[in-house]
Amino acid sequence: MVDQAPSAPAEPGITVSQDSTVSPDRAAPPEGAARRAQVESLAVAVALFGANALGYLFNLTAARGLANDVYGALGSLMALLLVGVVPAMGLQTAAALHIAGLRSAGGDVVAGERRMLGCGVTAAAGVGAATAAASPLLAGFLHLPGHMPVLLLAATLAPLTLHGLFVGTLQGNRRFAALAALVCVDGLGKFGGGLAGLFLTRTLEGALGGMAVGGVTIAVAGWLVCGARGPALPVTRLVGKVFHATWALFGMVLLMNLDIVLAQHHLAGPAAGDYAVGFIVTKIALWLPQAVGVVVLPRLADPEDRRRAVPIALGLIALLDSAVVLTALVLGPSLFTLIGGPAYARHTGQAWMFAAVGSMLALAHLLLYSRISAADRVSAAAVWAAVGVEIALVTLWLHGSVTQVSAAALATTTSLVVFGLIIERGARIAVRDGQITRQVTPGS
């Protein structure tokens with residue numbers, strides 16, 4: 164996901180010189196290794212699809228098994244969960260890039276993993292404690308029956324934060340088969356636990372309690388898969404990398420969900436419902452190429468490898484999402500009926516616009532990964548600027564219809580992608596014109 168300088172700064176303990184060498188990770192892989200990598204990448208994609216499918220099943224079951232007001236409370240807590248896992252996303256990104264950089268440069272990977280685990284334990288404790296401390300405020304704001312649902316949410320968020328670290332560790336080590344298995348455990352633990360709690364109790368607390376138990380199971384599984392190592396005290400620069408990644412990704416998560424919130428605020432009831440159905444099309448286009456970013460992330464740690472990998476990854480995302488946009492163009496309004504049922508036969512939006520917004524967000528997400536890997540602060544600021552621009556566009560001008568709100572989202576996300584491509588091109592030229600090598604100092 165983002166970076167400012169044309170060339171990436173080295174990882175902690177890594178220096179840049181003007182001599183050209185080829186790292187082991189850059190060597191052309193044997194045919195068998197390349198085929199294995201393709202199979203493992205496919206396994207990651209299948210695992211992500213399965214985990215997302217379990218998430219949809221959980222929401223569908225909850226919608227049918229809980230009373231409307233209880234399901235509304237669960238929905239609001241799931242929205243908080245989405246925000247609460249942003250630190251996990253930051254840890255995942257920072258861990259993948261840090262460990263991949265150490266591997267590429269021949270550094271002490273085990274020491275790097277232990278320092279990242281120190282960051283993860285600290286972050287998990289902070290996220291859990293902050294959520295628990297805010298339980299009286301959140302319970303009152305969301306009109307919950309008590310503090311227990313928020314406390315259970317805190318008990319879920321803490322292990323899920325550690326889970327993000329373990330996913331990043333596997334990414335950085337390019338252990339994609341193990342990553343696919345851990346993603347399956349993630350889906351089964353989080354949503355399977357939630358489903359079990361629903362079936363056993365048919366209550367809000369039961370669903371959240373099942374997710375909390377699943378979260379602990381996920382974290383323990385990730386710790387074991389990553390070697391069951393103990394944490395080490397993280398260096399200050401590593402904490403800064405985690406904070407930068409988290410801040411940038413928080414802006415991106417906000418942008419991904421901003422238009423539906425603005426539509427809910429500005430549009431009348433039926434139109435807001437129309438937008439919610441169209442938003443499902445946006446999510447399909449956004450998450451369809453998710454595996455591309457997961458697999459390519461560790462390659463972004465090395466400037467030369469990043470220069471080669473980013474165009475290919477962008478092309479794959481564009482290819483996958485072109486199918487979504489084309490389908491939306493062909494089906495038109497009937498796509499909304501297919502998703503939401505006969506009640507949306509008179510949908511007032513344009514299906515292709517929702518698909519295009521999701522496609523732009525997927526491209527922007529990958530570009531943000533690339534710039535985070537280069538420690539670029541400008542691109543993170545650009546994401547937050549895009550949030551402000553979209554709010555201004557909808558609030559001041561484009562809020563009269565479903566099409567107007569989606570047009571504001573499309574204009575904002577397209578502009579962000581264009582800006583990201585310009586920044587990325589400048590960085591590619593800098594890497595192409597320079598000769599970069601990495602030397603590892605002790606203790607990295």
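According to my numbering, the residues represented by the sequence shown are 164 to 607, in order. Glycine included, each C-beta is placed from N, C-alpha and C at the ideal position.
Ranking Gly377, Ala411, Thr366 by CA distance to the CA of Gly228 puts Thr366 first. Ranking Ala486, Ala296, Val459 by CA distance to the CA of Val473 puts Val459 first. At the C-beta level, Leu417 and Leu316 stay beyond 8 Å of one another. Taking a 10 Å sphere around the C-beta of Phe221, we find 16 or more other C-beta atoms and assign the residue as buried. A straight line joining the alpha-carbon of Val272 with that of Val209 spans about 28 Å.
Separation of the CB atoms of Ala287 and Ala321 is rounded to 5 Å, and the pair is thereby assigned contact status at 8 Å. Cβ-Cβ distances below 7 Å link Ala464 to Leu260, Ala263, Gly264, Ser267, Ser536 in the same chain, with the five nearest sequence neighbours on each side left out; the list follows chain order.
Setting aside the 5 residues that flank it on each side, Leu494 is surrounded in the same chain by Leu501, Ala514, each with a C-beta closer than 8 Å to its C-beta; the list follows chain order. Distance from the Cα of Gly238 is smallest, within the candidate group Ala384, Leu451, His306, for His306. No Cβ-Cβ contact shorter than 8 Å links Cys282 with Pro461. Of the residues assessed, Pro312 falls on the buried side of the cut-off, its CB having 16 or more other CB atoms within 10 angstroms. Per DSSP, the unbroken alpha helix (DSSP H) holding Gly357 starts and ends at 356-364.
In terms of CA proximity to Ile447, Met419 leads the group Val376, Met419, Ser578. When the alpha-carbon of Thr380 is set against those of His326, Phe406, Gly436, the nearest one is in His326.
Closest in C-alpha terms to Gly456, from the list Thr445, Val348, Arg469, comes Arg469.
Val473 carries a helical assignment under DSSP once its states are collapsed to helix, strand and coil. Under the three-state reduction of DSSP, Val248 is assigned to coil, being neither helix nor strand.
Our two residues, Ser497 and Ala518, have alpha carbons roughly 14 Å apart in a direct line.
Within the model, the alpha-carbon separation for Arg534 versus Ser542 is close to 7 Å. About 13 Å separates the Cβ atoms of Ala242 and Tyr234, ruling out a contact at the 8 Å cut-off. In this structure Leu477 touches Leu529 by the C-beta definition: roughly 6 Å separates them, less than 8 Å.
By the criterion of at least three beta-carbon pairs nearer than 8 Å, the region 436-455 is not in contact with the region 576-586. Ser569 carries a helical assignment under DSSP once its states are collapsed to helix, strand and coil. Taking a cut-off of 8 Å for Cβ pairs, the region 479-489 and the region 427-443 do not touch, as fewer than three such pairs fall below it. Short of 6 Å from the beta carbon of Ala545, and not among the five residues preceding or following it, lie these beta carbons of its own chain, in chain order: Phe582.
Residue environment for Leu254: buried (at least 16 other C-beta atoms within 10 angstroms of its C-beta). The C-beta of Arg588 has fewer than 16 other C-beta atoms within 10 Å across all chains shown, which makes the residue exposed. Counting only runs that start and end inside the region 484-572, the alpha helix (DSSP H) elements of at least 4 residues fall at 497-503, 514-536, 540-559. For the pair Gly373 and Leu345, the CB atoms are not nearer than the 8 Å cut-off.
The beta carbon of Gly213 sits closer than 7 Å to those of Cys347, Gly350, all from its chain and outside the five residues before and after it, given in chain order. Under the criterion of beta carbons closer than 8 Å, Ala258 and Thr324 do not qualify as touching, at roughly 12 Å. Short of 6 Å from the beta carbon of Val330, and not among the five residues preceding or following it, lie these beta carbons of its own chain, in chain order: Gln255.
For the pair Asn336 and Leu342, the Cα-to-Cα distance works out to about 10 Å.
Inter-residue distance for Val444 and Thr577 is about 17 Å (C-alpha atoms, whole angstroms).
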